[in-house]
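Participant: Going by my numbering, the residue at position 412 of the sequence shown is 428; the numbering climbs one at a time, nothing skipped.
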Amino acid sequence: MSPLFLRVEPRDGEPFRHELVGEAAVLGRSSKADVVLADRYLSRQHARLFLREGSWFLEDLGSRNTTFLNDRPLAKPTPVRPGDVIRLAESRIVVEGKEGTPLSPPAGDGLVGGADERLPESTIFRSATDLLAGPAAGADPGGLAGRLRLLNEVHRALAAPITLEALLDLILDRAFAHLQPEEGAVFLRDPEGALVRAAMRRAPGLPGQPLYSRALAKEVSEKGLAALVTDARVDERFAKAESIVVSGMRSLVAAPLLDSEGCLGMIVLSAKNRLHPFVEDDLELLAALASAAAMRLRNIALSEETARRRLLDRELELAHDIQMAMLPRTFPDRPGIDVSAALRPARSVGGDLYDVMADGERIWLLVGDVSGKGVGAALFMAVTKTLFRAIAPGSGSVAEAVARMNRELCRDNERAMFVTVFAARLELATGELEYVNAGHNPTYRVTAGGKVALLAGPVDPALGAVEAHEYRGTRLRLDAGDALVLYTDGVVEAHGAAEEEFQTPRLESYLADCREASAERIVQGLLEHVDEFVGGAPQYDDVTIVALRWRGRQS
Numbered sequence: 017m018s019p020l021f022l023r024v025e026p027r028d029g030e031p032f033r034h035e036l037v038g039e040a041a042v043l044g045r046s047s048k049a050d051v052v053l054a055d056r057y058l059s060r061q062h063a064r065l066f067l068r069e070g071s072w073f074l075e076d077l078g079s080r081n082t083t084f085l086n087d088r089p090l091a092k093p094t095p096v097r098p099g100d101v102i103r104l105a106e107s108r109i110v111v112e113g114k115e116g117t118p119l120s121p122p123a124g125d126g127l128v129g130g131a132d133e134r135l136p137e138s139t140i141f142r143s144a145t146d147l148l149a150g151p152a153a154g155a156d157p158g159g160l161a162g163r164l165r166l167l168n169e170v171h172r173a174l175a176a177p178i179t180l181e182a183l184l185d186l187i188l189d190r191a192f193a194h195l196q197p198e199e200g201a202v203f204l205r206d207p208e209g210a211l212v213r214a215a216m217r218r219a220p221g222l223p224g225q226p227l228y229s230r231a232l233a234k235e236v237s238e239k240g241l242a243a244l245v246t247d248a249r250v251d252e253r254f255a256k257a258e259s260i261v262v263s264g265m266r267s268l269v270a271a272p273l274l275d276s277e278g279c280l281g282m283i284v285l286s287a288k289n290r291l292h293p294f295v296e297d298d299l300e301l302l303a304a305l306a307s308a309a310a311m312r313l314r315n316i317a318l319s320e321e322t323a324r325r326r327l328l329d330r331e332l333e334l335a336h337d338i339q340m341a342m343l344p345r346t347f348p349d350r351p352g353i354d355v356s357a358a359l360r361p362a363r364s365v366g367g368d369l370y371d372v373m374a375d376g377e378r379i380w381l382l383v384g385d386v387s388g389k390g391v392g393a394a395l396f397m398a399v400t401k402t403l404f405r406a407i408a409p410g411s412g413s414v415a416e417a418v419a420r421m422n423r424e425l426c427r428d429n430e431r432a433m434f435v436t437v438f439a440a441r442l443e444l445a446t447g448e449l450e451y452v453n454a455g456h457n458p459t460y461r462v463t464a465g466g467k468v469a470l471l472a473g474p475v476d477p478a479l480g481a482v483e484a485h486e487y488r489g490t491r492l493r494l495d496a497g498d499a500l501v502l503y504t505d506g507v508v509e510a511h512g513a514a515e516e517e518f519q520t521p522r523l524e525s526y527l528a529d530c531r532e533a534s535a536e537r538i539v540q541g542l543l544e545h546v547d548e549f550v551g552g553a554p555q556y557d558d559v560t561i562v563a564l565r566w567r568g569r570q571s
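1. In the structure shown, what three-state DSSP assignment does I178 receive?
2. Is the distance from the Cβ of L334 to the Cβ of I379 below 8 Å?
3. Based on the DSSP secondary-structure assignment, which residues constitute the bridge partners of M282?
4. Inspect the CB distances between the segment 429–442 and the segment 381–398 and report whether three or more fall short of 8 Å.
5. Which residue's Cα is closest to the Cα of D185: R108, L313, F66 and S286?
6. Alpha helix (DSSP H) containing T402: first to last residue?
7. If you run the structure through DSSP and keep just helix, strand and coil, what is E30?
8. From R205 to K234, what distance separates their C-alpha atoms?
9. Determine which residues share a DSSP beta bridge with E112 and list them.
10. What residue ranges within the segment 488–522 form continuous alpha helix (DSSP H) runs of no fewer than 4 residues, ordered along the chain?
11. Under 8 Å Cβ to Cβ from E69, same chain only, skipping five residues before and after it: list those, please.
12. Which residues in the same chain as V468 place their Cβ atom closer than 8 Å to its Cβ, once the five residues preceding and following it in sequence are excluded?
13. Check whether the segment 43–53 touches the segment 355–372, taking contact to mean three or more Cβ pairs, one atom from each stretch, closer than 8 Å.
14. Assuming V546 and F518 make a contact with CB atoms under 8 Å, what is their CB distance in whole Å?
15. At which residues does the beta strand (DSSP E) containing A63 begin and terminate?
16. Could you tell me whether the Cβ atoms of V42 and Q61 are closer together than 8 Å?
17. Can you name the residues that DSSP bridges to G384?
18. By Cβ distance, which residues of its chain are closer than 6 Å to S71, with the 5 residues on each side in sequence left out?
19. Exposed or buried, which one is F203 when buried takes at least 16 other CB atoms within 10 Å?
20. Which residue from H292, L67, D28 and R108 puts its Cα closest to that of P19?
21. Cutting at 7 Å between CB atoms, please list the residues of its own chain near R531, excluding the five before and the five after it.
22. Going by DSSP in three states, V96 sits in which element: helix, strand or coil?
23. At which residues does the beta strand (DSSP E) containing G44 begin and terminate?
24. What does a CB cutoff of less than 6 Å around A496 pick up in its chain, not counting 5 residues either side in sequence?
25. Taking 8 Å as the limit between beta carbons, can you name the residues of its chain near G447, skipping five residues before and five after?
26. Let's test the definition: count the other Cβ atoms within 10 Å of the Cβ of L425 and tell me whether it reaches 16, buried, or not, exposed.
27. Can you list, in chain order, the residues of its chain whose CB lies under 7 Å from that of A478, leaving out five sequence neighbours each side?
28. Here's a check: name, in chain order, each residue in its chain whose Cβ is nearer than 7 Å to the Cβ of G29, leaving out the five neighbours to either side.
29. Alpha carbons only, please: which of T145, A415, E277 and P207 is nearest the one belonging to G240?
30. According to DSSP, simplified to helix, strand and coil, what is S59?
31. Could you tell me the distance, in whole angstroms, from the CA atom of D375 to the CA atom of R27?
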């Protein structure tokens, strides 16, 4: 596997070069990211590059401003190659090989040559839009009649329900019937925007392989031009563009599959032994066929996308119900404590978690935030909570329990996911609290007198990040009436309409008024304050709040 380098051009600051080492690299504005970008519009953990089966992939980590690869929004983990351009908010990253030179596109798509090759002098280009606007002055009426007949046939055939495979077969069938080529192919754009041969037809017994020019494909699919190579045999410069058809092509015609939203691909027809070369009337007919086919291709793509989204929505609804069911429905019923909690995922499913459970005369607390968003984060959340339930009861200390959870989460963690957690154990008889902060937001202690203070102590790495780390616990004794407020960063990083964050001063100001409020009132009141601050702005991150008030030793 060849090494990859990133040429990083942040919004603020000087460009720099970064070599991808290890198996994953997080990109974002957080100082803990592997590639730190000075761009205030970025999420703290915006995107991630990771290795899978020897190839680098890019995924968005639920960023508020989306990740773009080659100017296309990134919807799922996608392979990256040298030459690709990643855009994160207003920062730009170019993927390079060891020498900084983009690799050539992969073979096997039926296209050869490069975009800078010379096309033969006999190539004629016409705007596909102009060809469809109407016949030119002096046009052959017979050619216009043929064009109308073709359009009528195609539109009648497309009126009935049809699959993508049947549509591509119909396109080639009509093209062969009216234009009589010896071979033809339809190329469609894949999700990454590259042209891929989706259908092909050849005359029986035709020798050689149908290979078409990448330079020609660029002109047709990117510029919306219909192309005609009238007769390659008489073009003295054809040898310099032999990749247009390397197997003896004589004449060629191509048209973009173009609609109002852009180009979906192209159709190309060629002939080796045909007595008469293609002419401009043939170009008009093919452009008309391609235009009619493009509309139906777009409809099929939209229908398939709608069906996929419906299925995904149903699956996400089910996943949401399962995830919410994993959270505690009731809290330990002990006379000395008052507990409440709430979790609002930013999407159908999320990566936040909390748990409150009794272990004899002790109460265990856990709040966590998984890196990333969506289904992957939700699964990691489920594993973390399951480990907590299995490991915490009976553990000698909170640090011991967290260390064991970390070792399990590091095992077989190929995607390098991690979760920040705050874990604590409260002795009901004495008010003694032991806790560990593993990369999480600090917890607040609110006294009955209204004093608000952060719990002191070391901050250790998130779980799943460093396998052999020894976690450190901190102890203190609560006073009767003290409350603990645990939360995730979705609270303090909630954005208002002016992109201003809620931030800790607002949180502390609210908590100062919660002197003797019940745990439920603390949680619900904080949610109301966040909602009022956010207004109608969309929720960018999961929000989780847990409040526990220790009433003191009970007889």
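Just so it is clear, CB atoms sit at the ideal spot from N, CA and C, and this is done for glycine as well.
Facilitator: In terms of the structure at hand:
1. coil
2. no
3. F203 and P272
4. yes
5. L313
6. G390 to I407
7. coil
8. 12 Å
9. F21
10. 505–508
11. none
12. Y460, R461, V462, E524, L527 and A528
13. no
14. 6 Å
15. A63 to R68
16. yes
17. L369 and V437
18. P95
19. buried
20. L67
21. A464, G465 and G466
22. coil
23. A40 to G44
24. G568
25. R493, L494, D495, A496, D498, W566, G568 and R569
26. buried
27. F434, V435, T436, A454 and G455
28. A54
29. T145
30. coil
31. 51 Å
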